[in-house]
Amino acid sequence: MDTDDLSEEAYQAVIINSELFHHDLTLQFGVLAGRCKNEEEYLANSLLMIEYWESDIDIVLTEIFYDNPPDKNKFKSKLAELKKSIKGVQKIPFEKRKPQRW
Numbered sequence: 087m088d089t090d091d092l093s094e095e096a097y098q099a100v101i102i103n104s105e106l107f108h109h110d111l112t113l114q115f116g117v118l119a120g121r122c123k124n125e126e127e128y129l130a131n132s133l134l135m136i137e138y139w140e141s142d143i144d145i146v147l148t149e150i151f152y153d154n155p156p157d158k159n160k161f162k163s164k165l166a167e168l169k170k171s172i173k174g175v176q177k178i179p180f181e182k183r184k185p186q187r188w
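According to this note's numbering, the sequence shown is numbered sequentially starting from 87.
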């Protein structure tokens, strides 16, 4: 799938929310979309990816952000915010989510 296939709610929760923090973070979620069949799989895998990142923040900071890493505590806070947003979208039945308007 592509990020263009996400509902407005999922796009806002993941793509926009991560872009407001750092473009390099958004790229990770964009690549993930290409490996998923549908939005439900994408949201579940997004949570798994965040949990993996939380397991070794120091390594992940250099892997994702290269020469421009954000503050570690701000990154941790953003990951917590992303998880909360994603879980919120998962609570909305898929058929009640709005398609994106391009």
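For glycine and all other residues, C-beta sits at the position ideal for the given N, C-alpha and C.
Exposed or buried, which one is residue 164 when buried takes at least 16 other CB atoms within 10 Å?
Position 78 of the sequence shown, counted from the start, is the residue given in the question as residue 164. Under this definition residue 164 is a buried residue.
Which stretch, first to last residue, makes up the alpha helix (DSSP H) that contains residue 108?
As a working note, residue 108 is residue 22 in the sequence shown. Neither: residue 108 is in no alpha helix (DSSP H) and is coded neither H nor E.
On the premise that residue 96 lies in contact with residue 147, defined as a C-beta separation below 8 Å, what is that separation, rounded to the nearest angstrom?
As a position in the sequence shown, residue 147 is number 61, starting the count at 1. As a position in the sequence shown, residue 96 is number 10, starting the count at 1. The Cβ separation is near 25 Å, so there is no contact.
When you compare only the Cα positions, how much space is there between residue 84 and residue 184?
This structure does not reach residue 84, given that the chain is present from 87 up to 188, and the question cannot be answered.
Please name the residue or residues paired with residue 93 in a DSSP beta bridge.
Reading the sequence shown from its first residue, position 7 is the one you call residue 93. Paired residues: 185.
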